[in-house]
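There are 2 protein chains.
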Amino acid sequence: MAVDRDHVLRSAAALLTRRATATLDEVARAAGIGRATLHRHFAGRDALVRALESLGIQETEAALDAARLDDGPAEGALRRFVAAVEPAAGLLAFLITENQLFEGDDVHEGWSRIDGRISSLFRRGQERGEFRIDLPPAWLTEALYGLIGACAWSIQDGRVAARDFPYMTCELLLGGARRGVRT
Amino acid sequence: MAVDRDHVLRSAAALLTRRATATLDEVARAAGIGRATLHRHFAGRDALVRALESLGIQETEAALDAARLDDGPAEGALRRFVAAVEPAAGLLAFLITENQLFEGDDVHEGWSRIDGRISSLFRRGQERGEFRIDLPPAWLTEALYGLIGACAWSIQDGRVAARDFPYMTCELLLGGARRGVRT
DNA sequence: ACGCGGTGAGACACCGCCGTCTCATCCGGG
DNA sequence: CCCGGATGAGACGGCGGTGTCTCACCGCGT
Numbered sequence: 081m082a083v084d085r086d087h088v089l090r091s092a093a094a095l096l097t098r099r100a101t102a103t104l105d106e107v108a109r110a111a112g113i114g115r116a117t118l119h120r121h122f123a124g125r126d127a128l129v130r131a132l133e134s135l136g137i138q139e140t141e142a143a144l145d146a147a148r149l150d151d152g153p154a155e156g157a158l159r160r161f162v163a164a165v166e167p168a169a170g171l172l173a174f175l176i177t178e179n180q181l182f183e184g185d186d187v188h189e190g191w192s193r194i195d196g197r198i199s200s201l202f203r204r205g206q207e208r209g210e211f212r213i214d215l216p217p218a219w220l221t222e223a224l225y226g227l228i229g230a231c232a233w234s235i236q237d238g239r240v241a242a243r244d245f246p247y248m249t250c251e252l253l254l255g256g257a258r259r260g261v262r263t
Numbered sequence: 081m082a083v084d085r086d087h088v089l090r091s092a093a094a095l096l097t098r099r100a101t102a103t104l105d106e107v108a109r110a111a112g113i114g115r116a117t118l119h120r121h122f123a124g125r126d127a128l129v130r131a132l133e134s135l136g137i138q139e140t141e142a143a144l145d146a147a148r149l150d151d152g153p154a155e156g157a158l159r160r161f162v163a164a165v166e167p168a169a170g171l172l173a174f175l176i177t178e179n180q181l182f183e184g185d186d187v188h189e190g191w192s193r194i195d196g197r198i199s200s201l202f203r204r205g206q207e208r209g210e211f212r213i214d215l216p217p218a219w220l221t222e223a224l225y226g227l228i229g230a231c232a233w234s235i236q237d238g239r240v241a242a243r244d245f246p247y248m249t250c251e252l253l254l255g256g257a258r259r260g261v262r263t
């Protein structure tokens, strides 16, 4: 029977997030299949990473769609997005670091589109007066990626519970660590 | 003449941060020396990474010392630390991701000590009533790492200026993106 | 001038991973 | 029952990176 392609990709993402240099044999074993079968579905390591990238872009865009970024306050939209992207956090964490490998030569256009959508959200929040304007949207976007990755790693290491992911990420990004007058 | 060991390590960190899979030959060229000479000073790739790890731990601890974490408000201490660690941000960004490679088998004790010192700072801030108490110190620590790494990458990609590093990192971690009543 | 330590360049063999192939097995449909 | 497609296991050669060695060169102190 046809191997569960999605399951293979998720296993690979989970393993490669921990050890980016893992062998294809290890990737195959992690998915519960043989190296030959893995190679029948993904021509090589490169193709596998590309597939992971496509999956990550697809899921992130789906989360962006589901979050209805243009509806209501920007803060609510951000919370919806983070909650929607939570299942793909591990995959994102891998791709965020993996992107550092590409010498910036051929940045996938999908990423720039995602960057643009998230940046627009922050810009909208600034224009609505919700967000502070002394932090550029591009930096807020990068910081969001960083926090998602950090939280995903913490979850994988068992330091925090997966169900706290949206809360801890959103609260820190939105409110920061400082204790304010408002709750 | 004895090769400038520090210069070699910094070149290696800069290159490996961009491409963790860079060849030892590339690392040597980046430092302006031959592969043989590189190998005379660092037995192999493993030894090189270990040396980078030691350097990163050393510089981070030095930054912690220089920041006088126990003096005055926790917020000021955090700002001093981030400013002090800025020169080592690239190296830290590499080590943060590289740490994922070690299967958790032998986490360097130096890292746990650093984790402890930073966590203590956040805990002190919570006890002083400066920081909110619904975010655990461990998560604040991880988030700080994530933001440092994200900012370091943004700088390397030229998206933000290096001189903005302390401001953008501290402001986001402390105050968050939301526009508050206080400045 | 001489010797010497450190270096760069290159050659060489080794090893791990990868891509490919073959073959036996299993499982579901006709 | 038989057959075809998919899979797992293993073998094989190739390749790139690595570790080691040699040799020539250079700068420097004696």
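Line by line, the protein sequences give chains A and B. Mapping of the first sequence onto our numbering: residues 81 to 263, in sequence order. Mapping of the second sequence onto our numbering: residues 81 to 263, in sequence order. For each residue, glycine too, the CB sits at the ideal point set by N, CA and C.
Have a look at A:Ala230, A:Arg148 and A:Gln236 and flag the residue whose alpha-carbon is nearest the alpha-carbon of Thr249 (chain A). Of the listed residues, the one whose Cα sits closest to Thr249 (chain A) is A:Ala230.
What are the start and end residues of the alpha helix (DSSP H) that includes Leu265 (chain B)? This structure leaves residue 265 (chain B) out entirely; chain B is present only between 81 and 263.
Buried/exposed call for Ser234 (chain A), threshold 16 Cβ in 10 Å: Burial call: buried.
Residues of chain A with CB closer than 8 Å to the CB of Arg243 (chain B), please, in chain order. Result: empty, since nearest Cβ-Cβ is about 14 Å, beyond 8 Å.
Could you give the C-beta distance for Val240 (chain B) and Trp219 (chain A), rounded to a whole number, given that I count them as a contact under 8 Å? In this structure, Val240 (chain B) and Trp219 (chain A) form a Cβ contact; the two beta carbons are roughly 6 Å apart against a cut-off of 8 Å.
I'd like to know if Gly125 (chain B) contacts chain A, where contact means its C-beta is closer than 7 Å to some C-beta of that chain. In the sequence on display, residue 125 (chain B) carries Arg and not Gly. At least 7 Å separates the CB of Arg125 (chain B) from every CB of chain A.
Using the C-alpha atoms, what's the distance from Gly124 (chain B) back to Leu224 (chain A)? So the alpha carbons of these two residues sit roughly 36 Å apart.
Among B:Pro246, B:Phe245, B:Ala232 and B:Ala93, the one whose alpha carbon lies nearest that of Ala131 (chain B): The shortest Cα separation from Ala131 (chain B) among B:Pro246, B:Phe245, B:Ala232 and B:Ala93 belongs to B:Ala93.
Expressed to the nearest angstrom, what Euclidean distance is found between the alpha-carbon atoms of Thr103 (chain B) and Ala147 (chain A)? Each residue's alpha carbon lies about 42 Å from the other.
Partner residues on chain B for Trp219 (chain A), Cβ-Cβ distance less than 9 Å: For Trp219 (chain A), the chain B residues whose Cβ falls inside 9 Å of its Cβ are Ala230, Cys231, Ser234, Arg239, Val240, Asp244, Met248 and Leu252, in order along the chain.
Is the segment 166-178 of chain A in contact with the segment 127-141 of chain A, if contact means three or more CB pairs nearer than 8 Å? By the Cβ criterion, the segment 166-178 of chain A is in contact with the segment 127-141 of chain A, since at least three pairs of Cβ atoms, one from each stretch, lie closer than 8 Å.
Per DSSP, which one or two residues make a beta bridge with Arg258 (chain B)? Arg258 (chain B) is bridged to A:Phe211.
Since Leu215 (chain A) meets chain B, which of its residues come closer than 7 Å, beta carbon to beta carbon? Those within 7 Å of Leu215 (chain A) in chain B are Met248, Glu251, Leu252 and Ala257.
If the criterion is Cβ atoms closer than 7 Å, does the pair Gly309 (chain A) and Gly256 (chain B) meet it? It is not possible to answer for residue 309 (chain A), since the shown part of chain A is limited to 81 through 263.
Residue closest to Arg205 (chain A), alpha-carbon to alpha-carbon, out of A:Phe245, A:Asp151 and A:Ala242: Here residue 205 (chain A) turns out to be Gly, not Arg, going by the sequence shown. For the residues A:Phe245, A:Asp151 and A:Ala242, the minimum Cα distance to Gly205 (chain A) belongs to A:Asp151.
Which stretch, first to last residue, makes up the alpha helix (DSSP H) that contains Ile113 (chain B)? Following the DSSP letters along the chain, one finds Ile113 (chain B) in no alpha helix (DSSP H), marked with neither H nor E.
Hey, does Thr103 (chain A) have any beta-carbon neighbour from chain B nearer than 7 Å? No - not a single Cβ of chain B is within 7 Å of the one on Thr103 (chain A).
Below 8 Å on the Cβ atoms is my guess for Ala111 (chain B) versus Val88 (chain B); work out the distance and round it to an integer in Å. 4 Å between Cβ atoms; contact.
Look at the Cβ atom of Gly136 (chain B), then the Cβ atom of Ala232 (chain B), and state whether they are nearer than 7 Å. Between Gly136 (chain B) and Ala232 (chain B), the gap from beta carbon to beta carbon reaches 7 Å or more.
For the candidate residues A:Arg259, A:Leu158 and A:Phe245, whose alpha-carbon lies nearest to that of Arg212 (chain B)? Sorting A:Arg259, A:Leu158 and A:Phe245 by C-alpha distance to the C-alpha of Arg212 (chain B) places A:Arg259 at the top.
What whole-angstrom Cβ distance do Thr24 (chain A) and Phe245 (chain A) have, given they're in contact under 8 Å? Not covered by the structure: residue 24 (chain A). The range shown for chain A is 81 to 263.
By Cβ distance, which residues of its chain are closer than 6 Å to Ala242 (chain A), with the 5 residues on each side in sequence left out? Short of 6 Å from the beta carbon of Ala242 (chain A), and not among the five residues preceding or following it, lie these beta carbons of its own chain, in chain order: Ile235.
Among A:Val107, A:Arg85, A:Leu253 and A:Ile228, whose alpha-carbon lies nearest the alpha-carbon of Ala168 (chain A)? For Ala168 (chain A), the closest C-alpha among the options A:Val107, A:Arg85, A:Leu253 and A:Ile228 is that of A:Ile228.
CA nearest to the CA of Ser134 (chain B), picked from B:Arg90, B:Ala108, B:Asp105 and B:Arg120: Shortest Cα-Cα distance from Ser134 (chain B) to any of B:Arg90, B:Ala108, B:Asp105 and B:Arg120 involves B:Arg90.
Where Gly209 (chain B) and Pro153 (chain B) are concerned, what is the direct C-alpha to C-alpha distance, given to the nearest angstrom? C-alpha separation (whole angstroms): 10 Å.
Are there 16 or more other CB atoms within 10 angstroms of the CB of Ala127 (chain A), so buried, or fewer, so exposed? With fewer than 16 Cβ atoms within 10 Å of its Cβ, Ala127 (chain A) is classed as exposed.
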